[in-house]
Amino acid sequence: MTVFLKKVVLDTNTLISGLLWDGNEARILEKSERKEIHLFVSMGILDELEGVLVI
957 MTVFLKKVVL DTNTLISGLL WDGNEARILE KSERKEIHLF VSMGILDELE GVLVI
């Protein structure tokens, strides 16, 4: 039986919320770690995330 996982694209704000706080956004990241969903982000989003997190 083939299992199709949901594909999820997150923006920078959602990624930051998921990394820093314990809420629905964090649940999304946890589902990705457990391979319950496929998580996608673009290089642009990763670049923006790096710019926001670097002080």
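Basically the working numbering = 1-based index in the sequence shown + 956.
Glycine included, each C-beta is placed from N, C-alpha and C at the ideal position.
If you draw a 10 Å sphere on the C-beta of residue 974, you find 16 or more other C-beta atoms in it, and that means buried. A distance of 8 angstroms or more separates the beta carbons of residue 959 and residue 997.
A straight-line Cα-Cα distance of about 23 angstroms links residue 969 and residue 961. The DSSP-derived three-state label of residue 1008 is helix. Using a 10 angstroms sphere on the CB of residue 971, the tally of other CB atoms reaches 16 or more, which defines it as buried.
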